Amino acid sequence: MTSEKVTPESNMETMNANLQKIEGLTERLVKALANQREKNPGLEGPSQELYLKAASAYVAEMMQNPSKMIEQQVAFWGKSLKHWVAAQESLAKGELVPEDPTPADKRFKNPMWSTHPYFNYLKQQYLMSSEAIENTVAGLEGLEDKDRQRVSFFSRQIIDMLSPANFLGSNPEALERAVETNGQSLVDGLENLVRDIENNHGALAVTLSDPDAFQVGDNIATSKGAVVYQNRMFQLIQYSPTTDQVHKTPLVIFPPWINKFYILDLKPQNSLIKWAVEQGYTLFVVSWVNPDATYADVGIDTYIEEGFLTAINEVKAITGEKKVNVIGYCIAGTMLSATLAYMARTGDKSVKSATFFTALADFTDAGETEVFLEKDFLAGIDAEVAAKGYLHSFFIQRTFSYLRANDLVYGPAIRSYMLGEAPPAFDLLYWNGDGTNLTGRLVSEYLHQLCVDNELSKGRFKLKGETLNLGDIKTPICAVACETDHIARWQSSFFGLNKFSGDKTFILSESGHIAGIVNPPGRDKYGHYTSDIPMQDPASWKQGAEFYKGSWWPRWEKWLAGYSGKMIPARELGDSDHPVIEPAPGSYVTAKPNV
């Protein structure tokens, strides 16, 4: 077998062929962009009012304190000029950069960013300019705290977007790859870009994981069990026991309906569902419906009545127990707080203990998501759900992605579109892209009443004729928060837990919103903090807390076992009134609504 000899002529032929492919792909790209969904300006960015406030504050600063502004400018100009001269000298001598004082940044890990005069100049000038912008925004006076937070956040979005790594002409790795492959990487990248835009109705959303690498129920979400009850809001999955005996009190997990439940059952090695069953618990998990426009009028009351309360009652009926233990994760934890407060008002004592994963009951400080909880975005969301009846998962995923834009937007875009790489087979990112819609009334109520007005924490939220008060909750509580969580700050979770009246246990896990929870024993990747000191304020609590290496799961399970009763023979799935409907993970988790 002979291989074809590579010559300059054959390289040129390959390059020309790839350029022709790019022309064809460009035509597809133009058509895809022409078919994009009608944009709602309120969902695309902050209102012009915010920029006007920032500009007015800047002009006022210049007028009132010109020396401060001149000092900042002169310092920036001085750094830039010195940097320019050094770069010119290196270029003139044809030397590599002798020293790079910039801190490590994974966006610029290619060696040429540090050694090549041209690319190093671009990088250093970008970082200097970024620092100057951030310092200017941070030093602006005359802005309210919320406006300052928003200006800072959206300034950072612009800064991140303009990184030289994000452009082909200034990304050494992308240019090298294009030359090495005779342009094939650019063809592959453009194909990836066109595919993503076509799949998202003209909008850009980077595919983070290989969509063909996983199949729910096949190589992800594989824990054995069955759907034993369903209504229009959820399927109730009971998992098959793997021990001869189980705790008498069953355990029910309420995952967030903003994503799908199998974050807790990605694969056997990191499945909290599989692990809990192995510890001897009769485990039930709620798999929420992925709603469409027919669910427009479904609100918080529906989720609580037809979701939480119904699931608890059905589990009691299946197991013959009078009480259950429950878990609420993220937004489901917020709603579980409201459910427990309602049950306290109505004298329902069905819940023996409650665990909260990264959940907020007090939205005084909503963390980084707070930049979106202002009237411009809220008006945009209200208009969208009024017109459609639901909020599409695209908008939810995009919002959370831009909270970590370099990791979840620009980094993946560079690999996919500029380097022409296929998305990785990564279970967590696959789950992240498998989003769900939110019902219209629920979105409005949750954002306005719970997040902005903080009615639940203030004791003003009304449900089914009852005014709820978190102080009425005397159920034993264990709350698990995550140290670097950017969605539900651990300090805010701590404050919300303090509103409850019962016995309280607080565990602080290392890492963030997902990795801090999906942290199985044995890996010792992330540790956790606990403390027996009174829960007064977060800083004092953490200062007095003890750090433990490894997963918090066994510590929590020891706490849970104290509320789970004696050991009894393992239960069968369902009962005569709750026959098996279909195997786990059920059909709700894979259903694609008509939208």
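At position 334 of the sequence shown (counting the first as 1) the number is 1779 in this note's numbering, and the numbers step up by one without a gap. Ideal Cβ positions, reconstructed from N, Cα and C, are used throughout, including at glycine. None of these values were measured; they are calculated from a predicted model.
Would you call the CB atoms of residue i and residue j closer than 7 Å?
i: H1931; j: L1848; result: yes
i: D1605; j: N1877; result: no
i: R1459; j: N1627; result: Before going on, a small fix: residue 1459 reads as Thr here, not Arg. For T1459 and N1627, yes; Cβs fall inside 7 Å.
i: L1728; j: L1681; result: no
i: N1770; j: Q1629; result: no
i: S1608; j: I1578; result: no
i: F1598; j: V1816; result: yes
i: P1556; j: A1532; result: no
i: C1927; j: S1954; result: yes
i: P1965; j: S1946; result: no
i: A1741; j: G1584; result: no
i: T1920; j: V1796; result: yes
i: G2010; j: K1767; result: no
i: S1937; j: D1737; result: no
i: E2027; j: V1672; result: yes
i: I1757; j: P1701; result: no
i: D1590; j: K1498; result: no
i: A1616; j: A1623; result: Sequence inspection shows Asn at residue 1616; the Ala mentioned does not correspond to that position. No; because the gap between Cβ atoms is not below 7 Å, this pair is not in contact.
i: Y1684; j: V1632; result: no
i: G1961; j: S1976; result: no
i: V1888; j: L1836; result: yes
i: A1658; j: A1870; result: yes
i: F1808; j: N1899; result: yes
i: E2002; j: Q1724; result: yes
Compute the Euclidean distance between the alpha carbons of residue i and residue j, then round it to the nearest angstrom.
i: M1514; j: E1576; result: 15 Å
i: L1908; j: N1480; result: 43 Å
i: E1586; j: F1822; result: 24 Å
i: Q1842; j: T1667; result: 25 Å
i: G1941; j: D1917; result: 13 Å
i: V1451; j: Q1465; result: The pLDDT assigned to V1451 is 47, lower than 50, so where the model puts this residue is not dependable, and the model offers no usable value.
i: A1762; j: D1793; result: 15 Å
i: P1656; j: Y1875; result: 7 Å
i: A1832; j: L1781; result: 29 Å
i: E1489; j: T1560; result: 38 Å
i: P1477; j: I1467; result: Looking at the sequence itself, residue 1477 is Ala, so the reference to Pro does not match. Going from the Cα of A1477 to the Cα of I1467 covers about 15 Å.
i: R1968; j: Y1707; result: 20 Å
i: L1572; j: V1854; result: 19 Å
i: I1698; j: T1755; result: 13 Å
i: F1753; j: M1788; result: 11 Å
i: V1651; j: T1471; result: 18 Å
i: F1839; j: T1881; result: 9 Å
i: L2005; j: K1949; result: 12 Å
i: S1525; j: Q1518; result: 10 Å
i: E2035; j: S1574; result: The sequence shown places Thr at residue 2035, not Glu. Looking at the two C-alpha atoms, the distance is approximately 46 Å.
i: V1731; j: A1799; result: 15 Å
i: R1595; j: F1845; result: 15 Å
i: T1791; j: T1912; result: 11 Å
i: N1580; j: K1568; result: 18 Å
i: M1508; j: A1502; result: 10 Å
i: S1448; j: I1859; result: Confidence in S1448 is poor, its pLDDT being 46 and thus under 50, which makes the residue's placement too unreliable to answer from.
i: T1687; j: Q1714; result: 16 Å
i: P1486; j: E1643; result: 21 Å
i: G1670; j: L1711; result: 15 Å
i: I1665; j: W1935; result: 29 Å
Pull up the CB-CB distance for residue i and residue j, whole angstroms please, since I reckon it's below 8 Å.
i: Y1496; j: H1528; result: The Cβ separation is near 29 Å, so there is no contact.
i: N1914; j: A1786; result: 6 Å
i: L1864; j: G1634; result: 7 Å
i: G1751; j: M1678; result: Residue identity check: residue 1751 is Glu in the sequence provided, not Gly. Sure, about 5 Å apart at Cβ, within 8 Å.
i: I2068; j: Q1690; result: Given that the chain is displayed from residue 1446 to residue 2040, the structure contains no residue 2068 and the question cannot be resolved.
i: E1890; j: G1744; result: 5 Å
i: L1474; j: L1649; result: Not quite, the Cβ-Cβ distance comes to about 11 Å (not below 8 Å), so this is no contact.
i: I1749; j: A1783; result: 6 Å
i: G1834; j: A1933; result: 27 Å between Cβ atoms; not a contact.
i: P1857; j: L1613; result: The Cβ separation is near 16 Å, so there is no contact.
Quick one: using the 10 Å Cβ neighbour count with 16 as the cut-off for buried, is residue i buried or exposed?
i: F1802; result: buried
i: A1804; result: buried
i: F1553; result: buried
i: I1718; result: buried
i: I1703; result: buried
i: K1994; result: exposed
i: Q1981; result: exposed
i: N1735; result: buried
i: D1879; result: buried
i: D1550; result: exposed
i: G2031; result: buried
Review point. Can we say the segment 2015 to 2023 touches the segment 1980 to 1997, given the rule of at least three CB pairs closer than 8 Å?
Key: no
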